[in-house]
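Comments concern the structure below.
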Amino acid sequence: MKLSAYTISKLADIVCGGNGWPYRRGTDLVDLFNEFGFRDVYESGFPSRSAFAKEKLTALAGKPAMSDLLCVIVDPRLWFDLNPPIDTPTHDDCVAKLNELLAFDKVQLVREGLCYRVRSLDGTLIPVESIPEDLPAASASSIDAQIQKCRAKIEAGDYDGAITNARALLEHLLLAIEAELSIEPPPAFDGDLGRLFNRVRSLLNLDPSRKDISDALRQVISGLASIIHGLGTMRNKMSDSHGTNYKPARHHAKLAVNCAMTLADFLFETKAYQQAKGFIATSAIPAPDAPSIRALPNAGKDSE
Numbered sequence: 220m221k222l223s224a225y226t227i228s229k230l231a232d233i234v235c236g237g238n239g240w241p242y243r244r245g246t247d248l249v250d251l252f253n254e255f256g257f258r259d260v261y262e263s264g265f266p267s268r269s270a271f272a273k274e275k276l277t278a279l280a281g282k283p284a285m286s287d288l289l290c291v292i293v294d295p296r297l298w299f300d301l302n303p304p305i306d307t308p309t310h311d312d313c314v315a316k317l318n319e320l321l322a323f324d325k326v327q328l329v330r331e332g333l334c335y336r337v338r339s340l341d342g343t344l345i346p347v348e349s350i351p352e353d354l355p356a357a358s359a360s361s362i363d364a365q366i367q368k369c370r371a372k373i374e375a376g377d378y379d380g381a382i383t384n385a386r387a388l389l390e391h392l393l394l395a396i397e398a399e400l401s402i403e404p405p406p407a408f409d410g411d412l413g414r415l416f417n418r419v420r421s422l423l424n425l426d427p428s429r430k431d432i433s434d435a436l437r438q439v440i441s442g443l444a445s446i447i448h449g450l451g452t453m454r455n456k457m458s459d460s461h462g463t464n465y466k467p468a469r470h471h472a473k474l475a476v477n478c479a480m481t482l483a484d485f486l487f488e489t490k491a492y493q494q495a496k497g498f499i500a501t502s503a504i505p506a507p508d509a510p511s512i513r514a515l516p517n518a519g520k521d522s523e
């Protein structure tokens with residue numbers, strides 16, 4: 220996510236705190252930014268808090284981590300122990316003011332439940348939430364790679380490639396979930412994404428034939444299957460893996476990528492919810508001959 224130099228300068232003051240925002244000492248700032256990949260140590264000769272924050276924010280500009288940072292600094296829990304004067308801006312006031320600033324960069328913080336997420340105001344790609352930490356390293360790496368490729372190819376104008384990677388993203392994700400949750404070794408992937416989705420759907424207790432699923436949710440789940448089928452068809456007809464003289468437009472590619480990323484986000488959330496409630500096992504150890512993300516059929520050709 221790209222932010223202007225002016226926004227970064229103002230954001231540095233916000234991160235440091237004051238005027239309603241939680242105050243952060245130098246050590247607090249080091250701890251905050253180290254959560255996003257930095258390895259700084261607070262010691263003698265440390266720059267001013269504002270200068271340090273601006274330097275780190277500039278380094279994060281244009282990276283997905285910037286969205287995560289914005290969500291962290293507006294976490295309502297940071298206001299729990301504050302006892303500000305009556306005329307001090309509230310948490311809601313602070314978020315509203317920050318959104319006025321972010322609007323110039325075409326993004327906005329929106330509340331979802333107890334947390335916040337960053338939403339684009341100009342129709343660009345919907346960001347998928349962070350890949351779960353407990354996902355096997357090979358699977359997480361493959362999925363993250365497809366997300367980055369989708370974004371890069373949209374921006375580069377490679378719409379055929381973006382559609383290919385949107386499909387590959389779901390393929391890698393579904394294989395990873397199946398490998399994790401299947402008690403028996405999953406069957407070898409035959410390239411049929413719809414069949415793979417149906418197996419994973421059952422593992423996640425999303426089978427629309429279940430009697431305890433409401434009609435509304437059943438329609439949504441059926442719609443997910445349509446997305447899977449549509450992405451496969453879209454890729455076959457328009458993407459670079461089948462060579463065709465029809466070239467998809469930008470909005471076609473964005474539709475494919477946004478559908479894939481939204482579905483990936485939903486599957487991550489569903490798995491986490493089902494595991495937290497104890498409806499499915501936290502993990503199932505796949506047999507040694509279970510399909511590997513590193514050894515997908517045509518993985519190299521179809522997901523570059």
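To convert, count from 1 in the sequence shown and add 219; that's our numbering.
For each residue, glycine too, the CB sits at the ideal point set by N, CA and C.
Fair warning: this is a prediction, and the values are worked out from it, not measured in the lab.
- Alpha carbon to alpha carbon, what distance is there between A491 and F498? 10 Å
- Taking I447 as the reference, give the member of A479, K430, P467 and R330 with the closest Cα. A479
- Through-space distance from F271 to L230, alpha-carbon basis: 12 Å
- Message: Check for me: the beta strand (DSSP E) holding V329 runs from which residue to which?
- Response: V326 to E331
- Item | Pairwise C-alpha distance: D324 and C290 | 16 Å
- Mind checking L266: buried by the 16 CB within 10 Å criterion, or exposed? It should be pointed out that residue 266 corresponds to Pro in this sequence rather than to Leu. Flag for P266 reads exposed.
- Item | Residue closest to L279, alpha-carbon to alpha-carbon, out of V293, E262, K221 and V326 | K221
- Query: Below 9 Å between beta carbons: does that hold for R418 and E399?
  - Reply: no
- Item | Cβ neighbours of G236 in the same chain (closer than 7 Å, five flanking residues each side left out) | Y242 and R243
- Query: Quick one: is P405 buried, meaning 16 or more other Cβ sit within 10 Å of its Cβ, or exposed?
  - Reply: buried
- Item | Own chain partners of S441 with C-beta closer than 6 Å, once the 5 adjacent residues on each side are dropped | P427
- Message: Measuring straight from C-alpha to C-alpha, what distance separates F252 and I292?
- Response: 11 Å
- Message: Between L486, G245 and D379, which has its C-alpha nearest M453's C-alpha?
- Response: D379
- Item | Pick from E274, L297 and A315 that is closest to F257, judged by C-alpha positions | E274
- Message: With three or more C-beta pairs closer than 8 Å as the rule, is the stretch 468-475 touching the stretch 376-394?
- Response: yes
- Item | Nearest-angstrom Cα separation, counted from L393 out to F408 | 10 Å
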